[in-house]
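S.K.: Below is one structure. I have some questions about it.
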Amino acid sequence: MLLRLLAARLYTQCAGLLAKRDVPRQGGGGCGSRRASSGATESFLSGTSSNYVEEMYFAWLDNPRASIKSWDAFFRNASAGAPPGHAYQRPLSVSPEHRAKLIESHGLARSQAKTDKLVEDHLAVQSLIRAYQIRGHHVAQLDPLGILDADLDSFVPSDLITTIDKLAFYDLHESDLDKVFQLPTTTFIGGSESTLSLREIIRRLESTYCQHIGLEFMFINDVEQCQWIRPECSRCPGVMKFSSEEKRTLLARLVRSMRFEDFLARKWSSEKRFGLEGCEVMIPALKTIIDKSSEMGIENVILGMPHRGRLNVLANVIRKELEQIFCQFDPKLEAADEVGRRYSQLLADEKAGQPGHQQNITLSAGGQSSHLEAVDPVVQGKTKAEQFYRGDTSGKKVMSILVHGDAAFAGQGVVYETFHLSDLPSYTTNGTIHVVVNNQIGFTTDPRMARSSPYPTDVARVVNAPIFHVNADNPEAVIYVCGVAAEWRNTFNKDVIVDLVCYRRRGHNEMDEPMFTQPLMYKQIHKQVPVLKKYADKLIAEGTVTLQEFEEEIAKYDRICEEAYTRSKDKKILHIKHWLDSPWPGFFNLDGEPKSMACPPTGIPEDMLTHIGTVASSVPLEGFVIHGGLSRILRSRVEMIKNRTVDWALAEYMAFGSLLKEGIHVRLSGQDVERGTFSHRHHVLHDQEVDRRTCVPMNHLWPDQAPYTVCNSSLSEYGVLGFELGFAMASPNALVCWEAQFGDFHNTASASSACIIPVHQLGPGQGVDSSNTLVLLLCSSGVSGPGPQNSSGAREPVQLSPGVLGSRSSAMTVEVGQLYDCNWIVVNCSTPANYFHVLRRQILLPSEIFLFQLIIFTPKSLLRHPEAKSGFDEMVSGTSFRGSSRVWAAAQAPAEVKRLILCTGKVYYDLTQAHPATSFPQISPFPFDLVKQEAEKYSGAELIWCQEEHKNMGYYDYIKPRCLTVLGQARPIWYVGRDPAAAPATGNKNAHLVSLKRFLDTAFNLEAFEGKTF
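Just add 23 to the spot in the sequence shown (first one is 1) and you have our numbering.
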């Protein structure tokens, strides 16, 4: 009976085996091929006997003749369909040889089962290690307050062993904790040991990945980079070793950081200073990054940061003189002397010797405003320029550090735009170290309401940047992480993030009450022991410093602050040069009159015009095959050169080419600028038969010319504009141009420029403050009717232009005096010749006093307008930018002119098709002298301002009061153009043409304004 039961069990197992065999299997001894029933899906019985039967069955399938006879008979009967209990046949006799074979095969099966279990356990441990590497940061102890989860989620991943019962996730048991396992060579948690017990493996994993450092790096798709990080992160805070000297230095830096904030709080308790309380460790963190980078050869560090902690950074990182900082708080300062008073305007450039090094390192901090993160691309652009002019192609001499707030880092789109520039050939800075001051709160907004991602730093994952989250109340962990970040940047020339998880001891500013919105958080903060006391107590307990030494360090820095405070009261008003972002040593004549008060002519010799035009019409490389359509464009340029004329593209070519000969570096950047959005420029030629073979004719003009850089950008306005502004800050002897695309891109560009440009202007009337000559080429569609977005030519920069009448000194011409007192120049050229001159004038103006942006509005229709041509006579030596352009027959008889129409830009050609008009291409600074001159010349004429934009969108509101300043109320200037509207265009071509005809008719209708009151 027992044997029958065993046979039934074996039969069931055999049936399961047959069911799993879903492919024919060839056997010997006439067994033939067998296929299991398609409906059989049951699993094998568990246990050793199941494994044994399985092995016997598969062995029998492979070779029935070699199987034990009883098994051979059983499997034959079962496969032939014998009912359960009948497949087994009792053997007649079992010889000693058969018995030995049976015992041997059974022992092998047991041995195999043990081996399989061992392999499975090792694989489970491998998976466990990987789980900690990938998700260990989710359970790291990152919040100094101990009340929040840095990743916004208290859930513990199920594959992390935080309790013994979770061993079952890996099919492990408590009894396995003391088993020894072979460690993978890529783990690095074992140090010199190659095997560890499971208990020790878990302890080390938790110590490495789940304490005060949480590391995200496993998403990086480069194996070498991952392998570099693993051994670094295995040296967890419990294993890290700092010398006594390093600990004492760290303590001294914490003392400076905290006592500086305390000093400001005592002296100016009612001032908003956006202090660093709660993240005092940022000062030693930045110092460590700079120290490590200096050791590796960095000579110049460019820093960008928001307002929080800015004064502390200036004092204790850049080492700005304290009396210069304290002087800015003096309430007796007059408005003209308050250069840099506000936190948003504080700029600095200082050479600071680093501890342990003989060399100096240049540190500079860029300006920042309430436009959070706007400084990011500006710093990147300046860094790129410093690297370019030094020939530092790998970023081993110049680097950037960006400090961010957590809410802005997650919420501001310019952060994403800036990251996407990090690996682009013409924009990379070879790695930036980002330090996030993670307050775990925005202004008053809880992070759960401010972002959808677990961490504020998740945006950095798009560029495979490793992210180090670290508890800011563990100074040694912070310093270790910052050192690793500096080494990473130097090794791989890629971005890296240090996320300082901290808190904000006060509100958004010192006058704010945070208990309104975060009562529980701030109850804990009020009880929180400051990081300085925590660390000092630790060092005193371990004998690194004594209490007396600690108190002496505090007293020493307090004396330094008090002495600087005393000096600040007697110190003369600070000169602007102390706060310049780009000082350019020896460039400015700050103590005397400028060497030149006039703008030289901007024309060039005709043979130079011809030479540049010839190169622009040819392909300098032999065997270079160009597109047929481009051949026609080049032939048309040849014809223009023969006729001594230029169009818009050729005028630009000649302006750039002539500056290159004079040693001026020219950089043109923006979306699709290499070809030009409207296929007019073609500065980069592409071989039609060889992939990625290009030619830039502009770089083949002269043997010893300056370099020309033309580069297509990412599809970004805000980020790229900021980048080019920063690039322009690095040198006064470079023409840096950024071009916006047409239509809605132009509108976004205008909004971006309204944010980026004013941020980095210290104010009008201070020529040296502007400190760059960036050119904005806003190539809009103009008001051409396709639709609201494509017809807009926003004019916001004009409204921000001051504009004055007269000059500052008798040595200045009126034109130069007006330029001196502006903060940027805005032009809307009507002729290619004026476009040529205004580009050259941007560099040739006396740069000791003129350094400001140039904004050029260019409607796309002028790029190919048949009338938008200029002759060589308007561009040759001795010629200059013309503040007004006119075409009329009545010029010989001014008294007969009945109406003087003033305009700018594209509408000039609409008007002159039928009647004369005067175009004023330069809108800001306003050409008071030219308007007065024209008005007096035609004293009997009615004055009209004509614009294609709607009345509430163009220049009229800017023009009208300035004309009244020149002409007085007795002689009004009337408006002609489209009526006020909410949108620039209807999108209906017929409606556009009707409105165009209506206002053109009005412009030439002499009775239109009769009887009306101005």
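Idealized CB from N, CA, C, for every residue including glycine.
Is Ile490 buried or exposed, if buried means 16 or more other CB atoms sit within 10 Å of its CB?
M.R.: buried
S.K.: Tell me, please, which residues DSSP counts as bridged to Asn335.
M.R.: Asn335 is not bridged to any residue.
S.K.: Taking Ala1005 as the reference, which of Cys802, Gly327, Glu396 and Asn975 has the closest Cα?
M.R.: Asn975
S.K.: Which residues mark the beginning and the end of the alpha helix (DSSP H) in which Leu954 is found?
M.R.: A quick correction: the sequence has Val, not Leu, at residue 954. Run containing Val954: Phe951 to Lys960, per the alpha helix (DSSP H) assignment.
S.K.: Is the separation between the beta-carbon of Pro948 and that of Ile878 shorter than 9 Å?
M.R.: No, the Cβ-Cβ distance between Pro948 and Ile878 is not below 9 Å.
S.K.: If I measure Cβ to Cβ from Pro720 and keep anything under 6 Å in the same chain, skipping five residues before and after, which residues do I get?
M.R.: Val638 and Pro643
S.K.: Of the choices Val696, Tyr450 and Thr854, whose alpha-carbon is the least far from that of Leu799?
M.R.: Val696
S.K.: Just to check my reading of the structure: Val954 and Val989 have Cβ atoms closer than 8 Å, yes? What is that Cβ distance to the nearest angstrom?
M.R.: Approximately 5 Å separates the beta-carbon atoms of Val954 and Val989; this is inside 8 Å, confirming the contact.
S.K.: Under the three-state reduction of DSSP, which class applies to Phe1027: helix, strand or coil?
M.R.: coil
S.K.: Within this structure, are the beta carbons of Ile464 and Ala488 separated by less than 9 Å?
M.R.: no
S.K.: Can you list, in chain order, the residues of its chain whose CB lies under 6 Å from that of Asn722, leaving out five sequence neighbours each side?
M.R.: Tyr731
S.K.: If you run the structure through DSSP and keep just helix, strand and coil, what is Asn461?
M.R.: strand
S.K.: Ignoring anything shorter than 3 residues or poking outside the stretch 482–533, list the beta strand (DSSP E) runs there in chain order.
M.R.: 490–494 and 519–524
S.K.: Sort Trp511, Val459 and Asp446 by Cα distance to Val485 and report the nearest one.
M.R.: Asp446
S.K.: Can you tell me the Cα-Cα spacing of Ala993 and Ser654, whole angstroms?
M.R.: Distance between the alpha carbons of Ala993 and Ser654: 57 Å.
S.K.: Just the C-alpha distance for Lys550 and Glu300, rounded to the nearest angstrom, thanks.
M.R.: 14 Å
S.K.: Between which two residues does the beta strand (DSSP E) containing Gln970 stretch?
M.R.: Glu965 to His973
S.K.: Considering just the uninterrupted stretch of the alpha helix (DSSP H) at Ile635, what are its terminal residues?
M.R.: Glu629 to Ala639
S.K.: Sorted by chain position, which residues of the same chain lie with C-beta nearer than 8 Å to Asp1002's C-beta, five sequence neighbours on each side aside?
M.R.: His973 and Lys974
S.K.: Can you tell me where the beta strand (DSSP E) holding Leu1045 begins and where it ends?
M.R.: Because the chain is modelled from 24 through 1037, residue 1045 falls outside the range shown and cannot be assessed.
S.K.: Specify, as a first and last residue, the run of the beta strand (DSSP E) that Thr732 falls within.
M.R.: Tyr731 to Asn735
S.K.: Rounded to the nearest angstrom, what separates Ser739 and Lys960 at their Cα positions?
M.R.: 47 Å
S.K.: Taking contact to mean 3 or more Cβ pairs, one atom from each stretch, closer than 8 Å, check whether the stretch 232–244 and the stretch 141–161 are in contact.
M.R.: yes
S.K.: Could you round the C-beta distance between Leu708 and Phe647 to whole angstroms and report it? I think they count as a contact, below 8 Å.
M.R.: Right, the Cβ-Cβ distance comes to about 7 Å (below 8 Å), so this counts as a contact.
S.K.: DSSP state of Phe98, grouped into three classes?
M.R.: helix
S.K.: Decide if Asp174 is buried, meaning its Cβ has at least 16 other Cβ atoms within 10 Å, or exposed.
M.R.: buried
S.K.: Indicate the three-state DSSP secondary structure (helix, strand or coil) for Phe797 in the structure shown.
M.R.: Looking at the sequence itself, residue 797 is Leu, so the reference to Phe does not match. In this structure, Leu797 counts as coil in the three-state DSSP scheme.
S.K.: Quick check on this structure: which residue in Ser962, Gln936, Thr927 and Pro882 has the alpha carbon closest to the alpha carbon of Pro917?
M.R.: The residue with the shortest Cα to Cα distance from Pro917 is Ser962.
S.K.: Could you give the residue range of the alpha helix (DSSP H) that holds Gln571?
M.R.: Leu570 to Asp593
S.K.: Is DSSP giving Asn722 helix, strand or coil here?
M.R.: helix
S.K.: Nearest to Asp952 by alpha carbon, out of Arg985, Gln694 and Pro889?
M.R.: The shortest C-alpha separation from Asp952 is found at Arg985.
S.K.: Might you give, ordered along the chain, the residues of its own chain that have their beta carbon closer than 8 Å to the beta carbon of Pro180, omitting 5 neighbours on each side?
M.R.: Ala154, Arg158, His161 and Val162
S.K.: Terminal residues of the continuous beta strand (DSSP E) containing Ser198?
M.R.: From DSSP, Ser198 is part of no beta strand (DSSP E); its letter is neither H nor E.
S.K.: Which class does Arg922 belong to by DSSP, given the choice of helix, strand or coil?
M.R.: strand
S.K.: Provide the residue span of the beta strand (DSSP E) that contains Arg690, from first to last.
M.R.: His688 to Gly693
S.K.: For my contact list, Cys233 and Leu523 are in at a C-beta cut-off of 8 Å; report their separation, rounded to the angstrom.
M.R.: Not quite, the Cβ-Cβ distance comes to about 18 Å (not below 8 Å), so this is no contact.
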